[in-house]
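Engineer: Numbering (my numbering), first residue to last: 55 to 249. I have a structure I would like to understand better, so I am pasting it below and will then ask my questions one at a time.
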Ligand code: SF4
């Protein structure tokens, strides 16, 4: 974990570390006031249970609470975007696979702050292992969660399918912090969270 944190920082990402999801949730809600905030689809964010707390003091757009493009589009244009990652590689690269593209777009649009909330289970070895994690662990589990009609939802293994329900249509690898974003931060939690 120390090597990944060091490499994330070398790549221009801010890293904050927490022992528990509760401490991370307190940090997020304590540092965001009066902002427009978009949130990406994420079981990690669901586990942190921060939506209501953030919405008490910010304008929050999260399609897991209010589904639809009327939520996703302003989420992508918000001042702040919060999501998780499918994997973080040993080199300090942040990987996300997306079906519609809204979540990865949210991390790339001009922002004051993009925050990746990452449980320790998302930390991987070198880039090929991180890509393998994203494709063969995170994506099949998300397809199962979303009740997609894909072969991976049946057997938990990626078949690089051609299904209309395929959720793996875009891959974004952040090698370093894109210059359009003022602050890109990894909130790293020493617990297993999400897929
Ligand atoms: S089988 Fe299709 S939807 Fe499932 S992980 Fe592979 S490419 Fe993604």
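Note that CB positions come from ideal geometry on N, CA and C, so glycine has one too.
For residue 213, is the beta carbon positioned less than 7 Å from some heavy atom of the ligand SF4?
Structural biologist: Checking the Cβ of residue 213 against the ligand SF4 gives yes.
Engineer: Taking the alpha helix (DSSP H) that residue 206 belongs to, which residues open and close that run?
Structural biologist: Start and end: 205 to 209.
Engineer: Can you name, in chain order, every residue of its own chain whose Cβ lies under 7 Å from the Cβ of residue 219, other than the five neighbours on each side?
Structural biologist: 202, 203, 204
Engineer: For a test of the three-state rule: what should DSSP assign to residue 119, helix, strand or coil?
Structural biologist: coil
Engineer: Check residue 239 in the structure and name its three-state DSSP category.
Structural biologist: strand
Engineer: Would you call residue 167 buried or exposed, if buried means 16 or more other Cβ atoms sit within 10 Å of its Cβ?
Structural biologist: buried
Engineer: Quick one: what does DSSP say residue 90 is sitting in, helix, strand or coil?
Structural biologist: strand
Engineer: First and last residue of the beta strand (DSSP E) that includes residue 134?
Structural biologist: Residues 134 to 137.
Engineer: Below 8 Å, can you find three or more Cβ-Cβ pairs linking the stretch 181 to 192 to the stretch 105 to 115?
Structural biologist: no
Engineer: Kindly examine the ligand SF4 and report whether one of its heavy atoms sits closer than 7 Å to the Cβ of residue 222.
Structural biologist: yes
Engineer: Per DSSP, residue 71 forms a beta bridge with which residues?
Structural biologist: Bridge pairing for residue 71: 242 [DSSP].
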